[in-house]
Amino acid sequence: PYVEAGLTTFDMADHYGSAEVVAGTFREAWGEERPAELLTKWVPRPGPVSRDDVRAAVERSLERLRSESLDLLQFHAWSYPDPRWLDCLLWLQELKEEGLIGHLGLTNFDTAHLRMVLHSGIEVVSNQVCYSLVDRRPRAGMEALCAEHGVGILAYGSVAGGFLTERWLGRPDPAIDDLESWSRMKYRRFIDQAGGWEPFQALLEAVGEVARKHGVSMANVACRHVLDRPGVAGIIVGAHLGRTDHLDDNLRIFDLELDDEDRIRIERAMAELDPVPGDCGDEYRKPPYLTAAGDLSHHIEEFPPPYEEREGADGRGRVLTGTYWEETAGFSRAVRVGDTIRVSGTTATHGDRPIGGSDPVSQTHFVLDKIEGAILSLGGRMEDVVRTRVYLDETTDWETVARVHGARLAGARPANTMVRAGL
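Below you can see the structure in the form of structure tokens.
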């Protein structure tokens, strides 16, 4: 019924139970008569990964989806300081060029690392992130970046697990443990981060007023408001096989037009909410973990260190990141002696590949990712850093680089020197 109604794009993942198999069965039986776009994801576990592993994952999805090429494969990275996420994307780019992937996308990437991917020449067309009247993080920079580079935002969580509906308008504050679904437990945490139940009820009242004015559901209004944002290419609304009770209601979104008065009313209510902290996808990488469980226990078991620590006979711990000059010049990326870690200077290179193109923002973020990965591998944290030195090739980049340094090391506030090196 969804395809017949004109809803022809379906989002799934390699770990969503049998979703790919069900979609592939539909495609095999009805694909020519009722074509549909089947979007899937690859979410590898943290740790070692090879080119063969990447190919095997893609071929597994191809087999399940009964397809010769994936319409859109969306990639998720758990930890940016572990550069294996870049290896995965570079190998996926190869498979795209081979024809096994039609389009390559991302899911839950933050603005800095989407920018890094784009400036590194990896061809991505979308980034799937949480976006709703409660969670406005994409406005901080993601919208502008996506609009600049022609990347579509695919927004999920636009009805906040069903909280942005008539069911919860005027209802008393529910205890998170009394909620009947994982989705509601997850989005209740977003509501708490945004200021709690009282300002959320004020938002529901505003959405309800607009919905009654247009004769539509509150979910329609919540979805339309997100769809109208710059850079948003589509929203992802949950569906259950065998249930069509929301089908007609969802179709009304396409006929709904919000006017300036509607938007002002909604935006005023949104302004009373606290901003959800961080950037897109941070809820899967750092506290507060805005998941159903409040942590990552239902997603992954552990984070292996980004680099292998090598213990020397002298008791020193060392890590290498695999660059040409580490071997040629005979140095380690970082060395631990006792409880002190010293990190060598580095550039924005991964192996023999430059990362970030000519963009100083992306270069600086990757350099700091590499440094953080080395520190983590030796048991430290970025918050432990006490001294940094930054060497610039172009003096005109000083403020851009300084702002990235400030964003990444705000929790440490190390002593710092910035030098025009001209190397």
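Position in the sequence shown (from 1) plus 137 gives the number in my numbering. All C-beta atoms, glycine included, are put in the ideal place defined by N, C-alpha and C. Note that this is a predicted model, so its numbers are computed, not measured.
With 16 other Cβ atoms within 10 Å as the buried cut-off, status of residue i
i: phenylalanine 391; result: exposed
i: alanine 82; result: Residue numbering for the chain in the displayed model covers 138 to 560; residue 82 lies beyond these limits and cannot be assessed.
i: glutamate 157; result: buried
i: valine 195; result: buried
i: threonine 486; result: buried
i: proline 138; result: exposed
i: alanine 547; result: exposed
i: threonine 244; result: buried
i: leucine 199; result: buried
i: lysine 423; result: exposed
i: glycine 459; result: exposed
i: threonine 302; result: buried
i: histidine 152; result: exposed
i: tryptophan 305; result: buried
Residues of its chain near residue i, where Cβ-Cβ distance is below 6 Å and the 5 sequence neighbours each way are ignored
i: tryptophan 215; result: Pro183
i: arginine 447; result: Arg455
i: leucine 501; result: Residue identity differs from the one stated: residue 501 is threonine in this sequence, not leucine. Here the set comprises Val538, Val541.
i: arginine 171; result: Val140
i: arginine 326; result: Leu427
i: alanine 284; result: Pro367, Gly368
Own chain partners of residue i with C-beta closer than 7 Å, once the 5 adjacent residues on each side are dropped
i: aspartate 219; result: Pro183, Pro443, Gly510
i: leucine 515; result: Glu446, Gly454, Val456, Ala471, Arg473, Ile478
i: glycine 449; result: Arg455
i: alanine 552; result: Val523, Arg524
i: glutamate 420; result: Tyr426, Leu427, Thr428
i: proline 491; result: Ala485
Beta-carbon proximity list for residue i, same chain, < 8 Å, skipping 5 on both sides
i: threonine 248; result: Ala277, Gly278, Met279, Leu282, Asp416, Cys417
i: glutamate 260; result: Gln230, Lys233, Leu241
Cβ separation of residue i and residue j, assumed to be a contact under 8 Å, to the nearest whole Å
i: threonine 483; j: valine 498; result: 17 Å between Cβ atoms; not a contact.
i: alanine 359; j: leucine 270; result: 6 Å
i: aspartate 294; j: tyrosine 324; result: The amino acid occupying residue 294 in the given sequence is glycine; aspartate does not appear at that position. About 6 Å; that satisfies the 8 Å criterion.
i: valine 480; j: isoleucine 437; result: No, valine 480 and isoleucine 437 are not in contact; Cβ-Cβ is about 27 Å, not under 8 Å.
i: leucine 86; j: glycine 161; result: Lying before the first or after the last residue shown, residue 86 is absent from the chain, which here runs from 138 to 560.
i: glycine 289; j: serine 257; result: Actually they are not in contact, since the Cβ atoms of glycine 289 and serine 257 sit about 19 Å apart, beyond 8 Å.
Quiz item: Fully enclosed by the stretch 224–291, which beta strand (DSSP E) runs are 3 residues long or longer?
Solution: 241–244, 263–267
Quiz item: Is there contact here, the stretch 371–380 with the stretch 236–254, by at least three beta-carbon pairs under 8 Å?
Solution: no
Quiz item: Counting Cβ pairs, one atom from each stretch, are 3 or more of them under 8 Å apart for the stretch 386–406 and the stretch 342–353?
Solution: yes
Exercise. Could you name each continuous beta strand (DSSP E) segment of 3 residues or more that falls completely within the stretch 309–381, going from the start of the chain to the end?
Key: 369–373
Exercise. Specify whether the stretch 224–238 and the stretch 459–467 touch according to this definition: at least 3 beta carbon pairs, one from each stretch, less than 8 Å apart.
Key: no
Practice problem: Run through the stretch 495–546 for me and flag every whole alpha helix (DSSP H) of 4 or more residues, listed as ranges in chain order. | Solution: 497–514, 535–545
Self-check item: Length-filtered (4 minimum) alpha helix (DSSP H) runs lying within the stretch 375–451
Solution: 384–388, 397–408
Practice problem: For the stretch 549–557 and the stretch 517–527, state whether three or more C-beta atom pairs, one from each stretch, are separated by less than 8 Å. | Solution: yes
Quiz item: Can at least three beta-carbon pairs, one atom from the stretch 356–372 and one from the stretch 260–269, be found at a separation below 8 Å?
Solution: yes
Practice problem: Please list the segments of the alpha helix (DSSP H) lying wholly inside the stretch 168–235, counting only runs of 4 or more residues, in order along the chain. | Solution: 188–201, 221–235
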